[in-house]
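> My structure is below; once you've seen it, I'll send some questions.
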Amino acid sequence: MRPVQIISGELAALVGGELIGDAALPIRRIATLAQADRASVAFLANARYRSQLDASMAGCVIVAAAERERAATRPSAIVCADPYAAYAALTRWWAARARPAVEPGIHATAQIDPSAQIADSAAIGAFVVIGPGAVIGDDAFIGPHCSLGDEAGIGAGSRLAARVTLGHGCRIGARAIVHGGVVIGADGFGFAPVQGRWEKIEQLGAVVIGDDVEIGANTCIDRGAIEDTVVEDGVKIDNLVQVGHNVRIGAHSALAGCVGIAGSARIGRHCSFGGGAIVLGHIELADHVHVSAATLITRSIRESGLYSGAYPFEDNASWERNAATLRQLHAMRGRLRALEAKTT
Amino acid sequence: MRPVQIISGELAALVGGELIGDAALPIRRIATLAQADRASVAFLANARYRSQLDASMAGCVIVAAAERERAATRPSAIVCADPYAAYAALTRWWAARARPAVEPGIHATAQIDPSAQIADSAAIGAFVVIGPGAVIGDDAFIGPHCSLGDEAGIGAGSRLAARVTLGHGCRIGARAIVHGGVVIGADGFGFAPVQGRWEKIEQLGAVVIGDDVEIGANTCIDRGAIEDTVVEDGVKIDNLVQVGHNVRIGAHSALAGCVGIAGSARIGRHCSFGGGAIVLGHIELADHVHVSAATLITRSIRESGLYSGAYPFEDNASWERNAATLRQLHAMRGRLRALEAKTT
Amino acid sequence: MRPVQIISGELAALVGGELIGDAALPIRRIATLAQADRASVAFLANARYRSQLDASMAGCVIVAAAERERAATRPSAIVCADPYAAYAALTRWWAARARPAVEPGIHATAQIDPSAQIADSAAIGAFVVIGPGAVIGDDAFIGPHCSLGDEAGIGAGSRLAARVTLGHGCRIGARAIVHGGVVIGADGFGFAPVQGRWEKIEQLGAVVIGDDVEIGANTCIDRGAIEDTVVEDGVKIDNLVQVGHNVRIGAHSALAGCVGIAGSARIGRHCSFGGGAIVLGHIELADHVHVSAATLITRSIRESGLYSGAYPFEDNASWERNAATLRQLHAMRGRLRALEAKTT
Chain A
1170 MRPVQIISGE
1180 LAALVGGELI
1190 GDAALPIRRI
1200 ATLAQADRAS
1210 VAFLANARYR
1220 SQLDASMAGC
1230 VIVAAAERER
1240 AATRPSAIVC
1250 ADPYAAYAAL
1260 TRWWAARARP
1270 AVEPGIHATA
1280 QIDPSAQIAD
1290 SAAIGAFVVI
1300 GPGAVIGDDA
1310 FIGPHCSLGD
1320 EAGIGAGSRL
1330 AARVTLGHGC
1340 RIGARAIVHG
1350 GVVIGADGFG
1360 FAPVQGRWEK
1370 IEQLGAVVIG
1380 DDVEIGANTC
1390 IDRGAIEDTV
1400 VEDGVKIDNL
1410 VQVGHNVRIG
1420 AHSALAGCVG
1430 IAGSARIGRH
1440 CSFGGGAIVL
1450 GHIELADHVH
1460 VSAATLITRS
1470 IRESGLYSGA
1480 YPFEDNASWE
1490 RNAATLRQLH
1500 AMRGRLRALE
1510 AKTT
Chain B
1170 MRPVQIISGE
1180 LAALVGGELI
1190 GDAALPIRRI
1200 ATLAQADRAS
1210 VAFLANARYR
1220 SQLDASMAGC
1230 VIVAAAERER
1240 AATRPSAIVC
1250 ADPYAAYAAL
1260 TRWWAARARP
1270 AVEPGIHATA
1280 QIDPSAQIAD
1290 SAAIGAFVVI
1300 GPGAVIGDDA
1310 FIGPHCSLGD
1320 EAGIGAGSRL
1330 AARVTLGHGC
1340 RIGARAIVHG
1350 GVVIGADGFG
1360 FAPVQGRWEK
1370 IEQLGAVVIG
1380 DDVEIGANTC
1390 IDRGAIEDTV
1400 VEDGVKIDNL
1410 VQVGHNVRIG
1420 AHSALAGCVG
1430 IAGSARIGRH
1440 CSFGGGAIVL
1450 GHIELADHVH
1460 VSAATLITRS
1470 IRESGLYSGA
1480 YPFEDNASWE
1490 RNAATLRQLH
1500 AMRGRLRALE
1510 AKTT
Chain C
1170 MRPVQIISGE
1180 LAALVGGELI
1190 GDAALPIRRI
1200 ATLAQADRAS
1210 VAFLANARYR
1220 SQLDASMAGC
1230 VIVAAAERER
1240 AATRPSAIVC
1250 ADPYAAYAAL
1260 TRWWAARARP
1270 AVEPGIHATA
1280 QIDPSAQIAD
1290 SAAIGAFVVI
1300 GPGAVIGDDA
1310 FIGPHCSLGD
1320 EAGIGAGSRL
1330 AARVTLGHGC
1340 RIGARAIVHG
1350 GVVIGADGFG
1360 FAPVQGRWEK
1370 IEQLGAVVIG
1380 DDVEIGANTC
1390 IDRGAIEDTV
1400 VEDGVKIDNL
1410 VQVGHNVRIG
1420 AHSALAGCVG
1430 IAGSARIGRH
1440 CSFGGGAIVL
1450 GHIELADHVH
1460 VSAATLITRS
1470 IRESGLYSGA
1480 YPFEDNASWE
1490 RNAATLRQLH
1500 AMRGRLRALE
1510 AKTT
């Protein structure tokens, strides 16, 4: 990482905020309120952490209008409509300067089929393998040990970290970020039961991923059985997520770590899934459906809203008592009814 | 993918069905009923989707005897005992023609110990590493970036996708399909607690995998502590599955994505596990035990059957009420008993 | 694996136990009690398996003082305070002899930036990529296809299996064992919602891992948003575990397979997590908190102890009845109260 420096006044202009206080304060770090020093910019996005603002040593703080007075006691402050979005924008500006620039070109060790089309501005890392007919767009970055199958496609500005697999015929749109170990386009899990054995159903579809998608480390997105598995624009997927064959994930949905979406499920737009949530196969979820962590979705949901289904944790002794009783719940309801009948 | 074409009459012969209608219709695609056109073959395996049959534009449909009359209105139809198995067989025939043939030989970049035995008909990809004493069978395919340890073994006709790890001494039988990112033979999770620290138990066993096994992307199968971890013939494992040390998975069992099988569990033959199911360590499951998605198996099961244990999801407000009350369930049972005693 | 042999008397000295019987018995295998033969050493650590001791053909058995008499009927026996710890120590001695020694040096195919510092005694495998400013300590082993980013650090004696990713600026302490496919330092899952889209928050922190840590295959540990993600000394993490950004895992904690720890959670020292457990973000767990398998931790825990929250599994028909009734539990409590009011 290279050192980055900005003065508070420029920083306010960058995030579209109003500067209060010293406009010439040099800022060399983004920090949390708790860890910040005078050369740091920090932000307060949640009023719950307001006490940290008072205690912070930050030279510059980014806050909402409601915190204007508190913030004004700092050496400098930036007041803006959405401090969290301002922080996000700042991190992008910062990272673009702190990280070494990527040099276009193809590493000498890469094995690239002569029929693949690689944009001149793309960067291809060491030990990459690219198959016949693959197409790599402008400014794309392909990390070391990636493997791209025949006729795979990577859109402009997309970045693949080390050892990403993109199977034959699978396509990723523009500006994607794909983290290490991701496998896109492995076979969907399809078998026909024949006389007690499982006979392979070859998976003849592909995976099609839209623009501005991010995919976390070691996540898997399987190719479709006949048609394609589809991830629409702006979807964000965390690490170790399983997306089965023929799933469609609607635009701008977000999937936290360890989520599993079984085959042929159709997820709406702007949905979200907490960690470890599972959606069974062939289920349809409407737009703006939000699923809590560790929840199993067993049937389609037509109405937007928040849905939950995790067992509430307790100390183990209490859990043992209650969980054992849970096995008698249906019988208890019968006993309750009988009592109600008796006492009327 | 290369273009494939077959005429409807040949297709009927291929899947062992009876042709109705035009036997000379050229078929160039396998499609779903909904997406099919006149050059497509589609299938109906589930009477639930019968209405799609009527609406389909497919030139040829594969159906069961019960659908003979409906299907006969199509340009051509194939009636057979098991349309799903016929479809599976057709996909295999199709894929064998559509996919480019693999050329035997060893890529120039592969690093292979001189003592390894590689069949002449095997194909070894770019940047593969193969250790001393490893044995690769006839017609095996080892994708790029695979790593095979000392004395590892791959049976005839097995296919490893890009970057599969097979640890030292681990063996895979014939006709396996192993998808990208799989790690076979990492150390089992074994430690002895000594004065508040965990002391490593070296894992001295290996992994032994039978014939006709398929293993999904980024799945992990650990080596045994003393004896071997065993996956029997015909087992199908989906993506992101964890199989602990000394587990034995009986023949023809199927594990969906995100399943975890803890150490020393013994799974019977013809078992199945829905996505995210977990089996605790040292548990034994009989043959033909089926476990629903997201179910935790906490004790051995001696009888075949379907077992479930997921919390039913609800809208979040309902879940909050019911889950909070669940913590009082045991106490409620006591109150119910007291009432019963009082009203008799 | 090379053959290893030791005589029973030396073995007793090695594990610090008392030898009973033949001190010159040659031992060539570590085995389970059930599989052992006269050339095997086996151990009994759990009185539950005592019957296996009587039936075992082992030439030498390692037991606790309570089993002295039973063990004395074997050709040889070793009595010690902690047979399980003795077995663990023995496996380490054994593995050090059975496994081929690693030759220091850098494989000819490795791509190493000239500014990286590699200890002379380190071993760097085939197709490894090491970035500028990285530091590899004494006796470290970097397996094939590993990728180490700019200024990454690996402590003395640490071992990375094939294809581990260590991101830029991330550091691992001494004597770590990192299994295949692990991704350390991918971006944390951070986005700001802006007008229905997710805007990237660049992750500017790193990952810092202490000494004596083991990390299982395909596990992911994300880099911090601003500060670092931290894994303290002696932590043991199994396969397919997700550790989010800015998590801190206290020393000597153990995480079983498929566990997920969401962002900014702080785990105490000497904690443990059963398979598939999930901890939500920003939660704090005290030292010595133990979480059962498949349990979702939704709020901070201040007291050490065992906590559980899995739905108890049943045969499917029983589960259907009870789970359906669970949706009425809160209403049932109301009805119970009404009855109680009526009958007093």
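Residue numbers (the working numbering), protein chains in the order written: chain A, 1170 to 1513; chain B, 1170 to 1513; chain C, 1170 to 1513.
All residues carry an ideal CB built from backbone N, CA and C; glycine is no exception.
None of these values were measured; they are calculated from a predicted model.
Using the Cα positions of L1475(B) and Q1174(B), report the straight-line distance between them to the nearest angstrom.
Their backbone Cα atoms lie some 43 Å apart in a straight line.
> Curious, which full-length beta strand (DSSP E) runs of at least 3 residues does the segment 1194-1218 of chain B contain?
Correct list: 1209-1212.
> Tell me where the beta strand (DSSP E) around H1459(C) begins and ends.
Taken as a continuous stretch (DSSP letters only), the beta strand (DSSP E) holding H1459(C) covers V1458 to V1460.
> What residues of chain C sit near Q1204(A), judged by a beta carbon separation below 9 Å?
Those are I1395 and E1396, listed as they occur along chain C.
> Is it the case that the Cβ atoms of F1442(B) and L1465(B) are separated by a distance below 8 Å?
It is not a contact, given that the beta carbons lie outside the stated cut-off.
> Would DSSP call Q1372(B) helix, strand or coil?
Coil.
> For the 8 Å Cβ check, are there 3 or more pairs between the segment 1210-1217 of chain C and the segment 1249-1261 of chain C?
These segments touch.
> Assign G1445(A) to one of two classes, buried (16 or more other C-beta atoms within 10 Å of its C-beta) or exposed (fewer than that).
Burial call: buried.
> Cβ of A1431(A) within 8 Å of Cβ of L1449(A)?
Closer than 8 Å, so yes.
> What is the residue span of the beta strand (DSSP E) that G1449(C) lies within?
In the sequence as displayed, the identity of residue 1449(C) is Leu instead of Gly. Unbroken run through L1449(C): none, as it is neither H nor E.
> Measure from the alpha carbon of H1314(B) to the alpha carbon of each residue in G1302(A), A1331(A) and G1322(A), then state which is nearest.
Cα-wise, what sits closest to H1314(B) is A1331(A).
> Hey, how far is the Cα of A1343(B) from the Cα of L1329(B)?
Distance between the alpha carbons of A1343(B) and L1329(B) is about 12 Å.
> Can you tell me whether D1223(A) is helix, strand or coil according to DSSP?
Correct three-state label for D1223(A): helix.
> Using three-state DSSP, classify T1334(B) as helix, strand or coil.
Three-state DSSP puts T1334(B) in a strand.
> What residues are listed by DSSP as bridge partners for S1245(B)?
According to DSSP, S1245(B) bridges with G1190(B) and C1229(B).
> Sort P1362(A), F1310(A), P1252(A) and G1306(A) by Cα distance to V1297(A) and report the nearest one.
Per the Cα distances, F1310(A).
> Could you have a look at P1252(C) and say whether DSSP puts it in helix, strand or coil?
It is helical.
> Just the Cα atoms here: how many angstroms apart are I1299(A) and T1278(A)?
Distance between the alpha carbons of I1299(A) and T1278(A): 12 Å.
> How is the alpha helix (DSSP H) around T1512(B) delimited, first residue to last?
Start and end: L1498 to T1512.
> Identify, in the order they occur along the chain, each residue of the same chain with its Cβ nearer than 6 Å to the Cβ of A1267(B), setting aside the five sequence neighbours on each side.
Correct list, in chain order: M1170, R1171 and V1173.
> Run down chain B in chain order and give the residues with a C-beta less than 8 Å from the C-beta of E1509(C).
Neighbours of E1509(C) on chain B, chain order: R1504 and L1508.
> Between the C-alpha atoms of H1457(C) and I1470(C), what's the straight-line distance to the nearest angstrom?
When rounded, the distance between both Cα atoms is 10 Å.
> Between K1405(A) and chain B, is any beta-carbon pair separated by less than 8 Å?
For K1405(A), the answer is no, since every Cβ of chain B falls outside 8 Å of its Cβ.
> Does any residue of chain A have a CB that is nearer than 8 Å to the CB of V1298(C)?
For V1298(C), the answer is yes, since a Cβ of chain A falls inside 8 Å of its Cβ.
> Pull up the DSSP beta-bridge partners for T1398(B), would you.
In DSSP, T1398(B) forms a bridge with V1376(B).
> Tell me which residues share the same chain as V1416(B) and place their Cβ nearer than 6 Å to its Cβ, disregarding the 5 neighbours each side in the sequence.
Contacts found: T1398, I1430 and A1434.
> What residues from chain A crowd round R1366(C), counting only those whose CB sits closer than 7 Å?
Chain A residues near R1366(C): G1403 and H1421.
> When you compare each of G1228(B), G1302(B) and A1493(B) to D1206(B) by their alpha carbons, which one comes out closest?
With distances taken between Cα atoms, D1206(B) lies closest to G1228(B).
> Could you check the C-alpha separation between L1495(B) and I1447(C) for me, to the nearest Å?
Approximately 20 Å between the Cα atoms of the pair.
> Anything in chain C within Cβ reach of C1427(A), meaning under 8 Å, just list it in chain order.
In chain order: Q1411, C1427, G1429 and I1447.
> Under a Cβ-count criterion, where at least 16 other Cβ atoms within 10 Å of its own Cβ denotes burial, should A1216(A) be classed as buried or exposed?
So A1216(A) ends up on the exposed side.
> Please decide whether T1260(C) counts as near chain A, where near means a Cβ-Cβ distance under 8 Å.
Taking Cβ atoms only, chain A never reaches closer than 8 Å to T1260(C), which makes this a no.
> Using a Cβ-Cβ cutoff of less than 6 Å, which residues in the same chain neighbour G1312(C) once the five nearest sequence positions on both sides are dropped?
The residues are G1294, L1329, A1330 and A1331.
> Mind checking if N1387(C) is an interface residue toward chain B, Cβ cutoff 8 Å exclusive?
So yes, N1387(C) belongs to the interface.
> When DSSP labels each residue in this structure, what does V1363(A) get in the three-state scheme?
Strand, per DSSP.
> Please identify the residue among E1238(B), H1348(B) and R1392(B) whose C-alpha is closest to the C-alpha of F1358(B).
For the residues E1238(B), H1348(B) and R1392(B), the minimum Cα distance to F1358(B) belongs to R1392(B).
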